[in-house]
Amino acid sequence: MLELIIAVILSSIPIMLAATGELVVERSGVLNLGVEGMMLMGAVIASITVITTGSLFLAVIFGALSGLLTSIVFGFFALVLATNQVATGLALTIFGTGLSGLIGAEYVGKAIQRLEAFNIPILSNIPYLGPVLFSHNILVYFSFIIVFIVGWFLLKTKSGLVLRAVGNNHDSAHALGYSVVFIRFCSVMFGGLMAGLGGAFLPLVLTPHWAEGMTAGKGWIALALVVFASWRPLRIPIGALLFSGITVMQLVGQARGWAMPSQFLSMLPYLATIAVLVIISRNKEFSIINAPASLGKLFIAGK
Amino acid sequence: MITLSPRSNISFSLTLLTPIIAIFFTLVMGLIIFSFLGYDPLKSLYYFFIAPVSRPDQVAALAVKACPLILIASGLVFCYRSNIWNIGAEGQLVFGAIFSGWLALNFLESNSFLLLPCMMLVAILGGMFWALIPAILKIRFNTNEILVSLMLTYVASLFIDFLVRGPWRDPMSFGFPLTPTYSDAALIDRVYIPFVGYIGQLHYGVFVALFVSVILWFVLMKMLPGFKIRVTGESSSAAIFAGFNPSHVTIMVMCISGGTAGLAGMIEVSANIGQLQPNISFGYGFTAIIVAFLARLNPLAAIPAGLIVALAELGGDSVQISMGMPKVVTGVFKGLLLLSLLAGETFNRYHIKFDFKKGNK
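Laid out in structure tokens, this is it:
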């Protein structure tokens, strides 16, 4: 049972990181559908780094940075050239999937050294609670902390207020003298960094090798998670744990041979995503109150 | 700083030139990436774009590959024109194949000429059924059709996997996940030309695709439903003012794109595979998104656009065999192509001014 809870926490981290990044991006009024592509770039670069250098620290850093680099492509097209955000995001996912497969071709299936768990002294010795809460690798702690930092930044700081203003009404923000494109570009790069980090978590912790398309839709689930959280950062971990709970449950079900075809069990995370989207979206007051009003709309300065 | 200012009139020649420039730009970027990764760039380009079409039967293979892309893209154009983002055509394709497969497997002994048209009809219904789920959820509950249609794609491929491994598996298949082979009446013939014979794998389904794209062009450009769709996409407030119901437009475009995707799934199985198996599509539903944009959201232009993108698909196979590159390299080209096309759209619509003076906001 303890192991299951730990598995749920671990597998929630990639989508939690990616969704936290995307939440900031969407709060600034940009819809980046390239999360899947950025995560794959993070995953492949982290794998290659750890295989060639043996350094897990560098793998985490380079994984995150490659997500950021990929997001710059998106920013340049969608923000500077004002291309359609939905199509640009799709292009980024297609591009990232292809490029990660191409550069990772030689490294497929090679064993990767795992990121070690870090036991917090004393606290990790508490029975039951210790292994569940205080005996994880450093990225797990970081993910939960970053959610709170993002929540504080968005809702309590002036910069966060400006970012939200840009997302709610870019023309007014522009008229007040804020550089809409600059603020959005920074948000997009933060989103890339988080997606890259979430991607890096996959080969470094969950399945210790690189495989083509190993995210298997996690980037898309992260996008759904932002809707689930109705653009409130602190709701991201709840959603992430819920989704990964369903994922772990269906894996357990398959292993124990539940009387249900395995394909139907595998459908559960996707069906749950749809169900959650319906429940959240049907309540208009709940879902629209925090939705950035300019989400996905083109911005041309001085039009 | 780069600033954009709208052009007053968009010239026709520029509209035609944009995709050509985008393709050229993609090739240059591809060359740079290839040489960066240590492949001989010119040799890769040869195997990518020239070797796959150097014989007549290979040109036929190109048309066969383009067939589902043209079909699906002609339908997706309707969605994207009206700002409905159906990205789950892959799942709708699978459901078209499942529905028509159900009919074919129930009439394994049949040799009626009616079987094939009936299969086409139920395939269209199957694709529509799967596309209506995100459409109705969007209208009824305001859910995001992008995420729902994509999630349903994963569900559809798991569902066909279940069918061919479970209830529909051929008991004589030695444990392979395959259904029984369709009867001849459920298969689409290859094209036979007197004195010449068969041209590679060219089948009649290709003509169905061409026919559908012409019809859909006519509907979009010359008929009232098409006009409603175009108005809705260009200005939703104008559409509402004119009394066009946005929910009806959503249902209509999702039915059209789901139907074409379903038909593509049926043709793919009846012309090329002959039975159902876990994987019946090579991501045609996703690739067709790029075809739709390359065609600049015009169903008729989906024909040349489909052929160009099909070339990139065959090129991926070719470089895999002759140079050992992974097949996913086509994804790099496809992603770059879509990005260049979108940038081309901006260059087409706006004057772009580069201004690097300091202190300029």
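Chain order of the listed sequences is A and B. Going by my numbering, the first residue of the first sequence is number 77, and it counts up by one from there. Going by my numbering, the first residue of the second sequence is number 66, and it counts up by one from there. Virtual Cβ for every residue (Gly too), placed ideally from N, Cα, C.
- The beta carbon of residue 407 of chain B is closer than 8 Å to those of 358 in its chain, skipping five residues each way along the sequence.
- Contact annotation: residue 138 of chain B and residue 370 of chain B have beta-carbon atoms nearer than 8 Å.
- Taking CB atoms only, residue 181 of chain A has a neighbour in chain B less than 8 Å away.
- For residue 283 of chain A, the number of other beta carbons within 10 angstroms of its own is below 16, and it is reported as exposed.
- Beta-bridge pairing by DSSP links residue 74 of chain B to no other residue.
- Going by C-alpha positions, residue 138 of chain A is about 10 Å away from residue 119 of chain A.
- Judged by DSSP secondary structure, residue 256 of chain B falls within the beta strand (DSSP E) whose first and last residues are 255 to 258.
- Close to chain B, meaning a Cβ-Cβ distance shorter than 8 Å, are the following residues of the region 145 to 164 of chain A: 149, 153, 156, 157, 158, 159, 160, 162, 163, 164.
- When Cβ-Cβ separations below 8 Å define contact, residue 410 of chain B makes contact with chain A.
- Rounded to whole angstroms, the separation of the alpha carbons of residue 296 of chain A and residue 401 of chain B is 21 Å.
- Taking all protein chains shown into account, residue 160 of chain A has 16 or more neighbouring C-beta atoms within 10 Å of its C-beta and is therefore buried.
- Counted as a single uninterrupted DSSP element, the stretch harbouring residue 186 of chain A is not any alpha helix (DSSP H), since DSSP gives it neither H nor E.
- One finds 393 in chain B with Cβ atoms closer than 7 Å to the Cβ of residue 288 of chain A, taken in chain order.
- Residues of chain B with a Cβ closer than 7 Å to the Cβ of residue 346 of chain A are, in chain order, 216, 219, 220.
- For residue 266 of chain B, there is no enclosing alpha helix (DSSP H); the enclosing beta strand (DSSP E) covers residues 262 to 268.
- If you compare the alpha carbons of B:118, B:97, B:78 with that of residue 372 of chain B, the shortest gap goes to B:118.
- Taking 8 Å as the CB threshold, residue 293 of chain A lines the interface with chain B.
- Taking all protein chains shown into account, residue 311 of chain A has 16 or more neighbouring C-beta atoms within 10 Å of its C-beta and is therefore buried.
- With a cutoff of 8 Å on beta-carbon distance, residue 280 of chain A and residue 190 of chain A are scored as near each other.
- Residue pairing by DSSP places residue 69 of chain B opposite B:417 in a beta bridge.
- Cβ-Cβ distances below 7 Å link residue 152 of chain A to nothing in the same chain once the five nearest sequence neighbours on each side are left out.
- In the DSSP assignment, residue 113 of chain A falls within the alpha helix (DSSP H) that extends over 111 to 129.
- For residue 362 of chain B, there are no C-beta contacts with chain A under 7 Å, since the nearest C-beta of that chain is about 11 Å from it.
- Considering only A:109, A:87, A:341, the residue with the shortest C-alpha distance to residue 97 of chain A is A:109.
- In the displayed model, residue 241 of chain B falls within coil according to three-state DSSP, outside both helix and strand.
- Chain-order list of chain B residues neighbouring residue 177 of chain A: 391, 392, 393, 394, 396, 397, by C-beta distance under 9 Å.
- The C-alpha of residue 302 of chain A is placed about 29 Å away from the C-alpha of residue 393 of chain B.
- Closest option to residue 360 of chain B, judged by alpha-carbon separation, among B:142, B:258, B:115: B:142.
- Contacts between residue 337 of chain A and chain B, judged by CB atoms closer than 7 Å, involve 227, 231 in chain order.
- A straight-line Cα-Cα distance of about 42 Å links residue 387 of chain B and residue 101 of chain A.
- Contacts with chain B (Cβ-Cβ distance below 9 Å) from the region 254 to 275 of chain A involve 255, 257, listed in chain order.
- DSSP places residue 387 of chain B in the uninterrupted alpha helix (DSSP H) bounded by 367 to 388.
- In the three-state reduction of the DSSP assignment, residue 244 of chain A falls in the helix class.
- The continuous alpha helix (DSSP H) containing residue 311 of chain B extends over residues 311 to 332.
- Here residue 129 of chain A is exposed, its C-beta having fewer than 16 other C-beta atoms within 10 Å.
- Neighbours of residue 330 of chain B in chain A, taken as residues at a C-beta separation under 8 Å, are lacking, since the least C-beta distance is about 18 Å.
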